[in-house]
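In our numbering, the protein residues as written are 343 to 801. All C-beta atoms in this analysis are idealised placements derived from N, C-alpha and C, irrespective of residue type, glycine included. The structure presented is a predicted model; accordingly, all values stated were derived computationally and were not measured.
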Ligand code: GAP
């Protein structure tokens, strides 16, 4: 157990110390469970999103992308069922007023030890805000035929989206017409979502704002089982591509009564985090639930017309979904390695314990570090020239301070796959040493061929 806690502590410490993730608003004492991504964190996040977009949009003919608004017409959330169903059971300690999710409650209050709680009530997790400069803008005209008419429309109340999926349903017809896609096809989106979680925590695992990468894959109903299996296999491929430890991953069938209100079948990808096995990703069969409800609520025809048979019908939907921050966490936990006794070569200093972040090359925040062996002007000049040439293609770092062993350690710790060392021989033979993070093998490469060498490595 101690070892497990250590892994979490070590990853959180590394994340803070090296600028992956900082506590948010820290100069004001922070804001509970809000996190900022630093210079390396933003690179890692961007690389995750880039890899995802490449795998699931760029490399597929049957998926197109969108980028929808965070604030949508509130009717969307009525039709989608989120106003009624997107809630968790909340209880409050009668003594100290701490609030808990009823389904995660122990036998007593964690704060004061009291066992006296209120009855559970449903707490809707959508963040509310107001549209326009005053809180009481004229109400949005009532919505014809909705059974909950008038419940939420007064006062210009709007919601921050709790999932990105709804854009893909509300814009279904426009996407179809402009992209000329034929069934089966998917629409992908990466975007920020907001949930007023009752119990956020475990570092970046559960927060109140986070990014989702998701696909609504529109199909004919008869194909749903086949397509569900296809997307489960794609999610398994993604785990591998990210270097997430497959031994810690389980695919869990979510039983009746525990699935989201729109899902007929759900398989969660769960990961064994140091704090327990919990959801990493989800895969749901949303049937035609969303398109049907939006068609009914908006009065607009959202049917698909088969170009061959002319049959008109509402497509069904398979939805694979991935959280960006949970990916960051699972990737860091999987990549983190402490090498006891240090990793040594003849040129590298011995240390008792060294950290290596074995990130896949595509995800590493820094792809290449350029290190002049000495701070002498004659080495700095060609090193900076090499840096500028490589920066045209990859995110690089330049480091001239400390011993070369120390500088290798610094790069290993942030997962940089390659270091380029410029030494005095480089001035004569016009070659540099390229060191590989994992094998620690050193290759002597011609400066003139360096870009091609790395193009091959990063192909
Ligand atoms: N459209 C489907 C949907 O939103 P979800 O399982 O509720 O499904 C998608 O959320 C993914 O977003 C999850 O699999 C998880 O990776 C991530 N996620 C959900 N809630 C989160 C939170 N509070 N903090 C960080 N990530 C979260």
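Inset, instruction - Using only alpha-carbon positions, find the residue among 474, 608, 783 and 725 that is nearest to residue 766. - result: 725
Inset, instruction - From the DSSP output, read off the bridge partner residues of residue 655. - result: 646
Legend entry - Distance, residue 534 Cα to residue 500 Cα: 16 angstroms
Inset, instruction - Could you check how far apart the C-beta atoms of residue 738 and residue 698 are, in whole angstroms? I think they sit under 8 angstroms. - result: So it is not a contact: roughly 19 angstroms between Cβ atoms.
Legend entry - Given 8 angstroms, three or more beta-carbon pairs between the segment 653-664 and the segment 552-561: yes
Legend entry - residue 666, enclosing alpha helix (DSSP H) - first and last residue: 666-677
Legend entry - Closest by C-alpha distance to residue 396, when choosing among 385, 427, 410 and 530: 530
Legend entry - Coil, strand or helix - residue 377 by DSSP: strand
Legend entry - Whole-angstrom distance between residue 561 and residue 504, CA atom to CA atom: 24 angstroms
Inset, instruction - Check whether the Cβ atoms of residue 850 and residue 763 sit closer than 7 angstroms, and answer yes or no. - result: The requested residue 850 does not occur in the structure, where the chain is confined to residues 343 to 801.
Legend entry - Identity of the residue in 525, 677, 371 and 400 nearest residue 650 by Cα: 525
Legend entry - For residue 498 and residue 472, the rounded distance between their alpha carbons: 6 angstroms
Inset, instruction - Assign residue 603 to one of two classes, buried (16 or more other C-beta atoms within 10 Å of its C-beta) or exposed (fewer than that). - result: exposed
Legend entry - Cα-Cα separation between residue 628 and residue 425, rounded to whole angstroms: 17 angstroms
Inset, instruction - Measure the CB-CB distance between residue 353 and residue 674 and report whether it falls below 7 angstroms. - result: yes
Inset, instruction - Tell whether a beta-carbon distance below 7 angstroms holds between residue 508 and residue 406. - result: no
Inset, instruction - Kindly confirm or deny that the segment 581-590 and the segment 611-618 touch, where touching means at least three C-beta pairs closer than 8 angstroms. - result: yes
Legend entry - Spatially closest choice to residue 356 from 372, 367, 382 and 375, by CA coordinates: 382
Legend entry - Three-state secondary structure assigned by DSSP to residue 532: strand
Inset, instruction - Please classify residue 344: does DSSP put it in a helix, a strand, or coil? - result: Legend: pLDDT at residue 344 = 47, less than 50; position of this residue unreliable, value from coordinates given subsequently. The answer is helix: DSSP assigns residue 344 an H, G or I state.
Legend entry - Residues of its chain near residue 502, where Cβ-Cβ distance is below 6 angstroms and the 5 sequence neighbours each way are ignored: 412, 469 and 536
Legend entry - Rounded straight-line distance, which links the Cα of residue 703 to that of residue 285: Residue 285 lies beyond the range of the chain shown here (343 to 801); nothing can be said about it.
Inset, instruction - Entirely within the segment 568-605 and at least 4 residues each: give me those alpha helix (DSSP H) ranges in chain order. - result: none
Legend entry - Presumed contact (8 angstroms Cβ cut-off) between residue 512 and residue 636, rounded CB distance: 6 angstroms
Inset, instruction - Could you tell me how far apart the beta carbons of residue 644 and residue 727 are, in whole angstroms, since I believe they sit closer than 8 angstroms? - result: About 58 angstroms separates the two Cβ atoms, so there is no contact after all.
Legend entry - Inter-residue Cα distance where the pair is residue 611 and residue 711: 35 angstroms
Legend entry - Separation of residue 445 from residue 414, as counted between CA atoms: 30 angstroms
Inset, instruction - Decide yes or no for the touch test of the segment 460-469 against the segment 568-576: beta carbon pairs closer than 8 angstroms, at least 3 of them. - result: no
Legend entry - Within 7 angstroms, strictly: CB atoms of residue 540 and residue 373: no
Inset, instruction - Could you tell me if the beta carbon of residue 552 falls within a distance shorter than 6 angstroms of some heavy atom in the ligand GAP? - result: yes
Legend entry - Straight-line Cα distance separating residue 565 from residue 549: 35 angstroms
Inset, instruction - Determine the contact status of residue 443 and residue 434, defining contact as a CB-CB distance below 7 angstroms. - result: no
Inset, instruction - Quick one: using the 10 Å Cβ neighbour count with 16 as the cut-off for buried, is residue 567 buried or exposed? - result: exposed
Inset, instruction - Buried or exposed for residue 798, please, with buried defined as at least 16 other CB atoms from any protein chain shown within 10 angstroms of its CB. - result: exposed
Legend entry - Alpha-carbon to alpha-carbon, residue 729 and residue 362: 23 angstroms
Legend entry - Best match in 747, 656 and 670 for proximity to residue 585 [C-alpha to C-alpha]: 670
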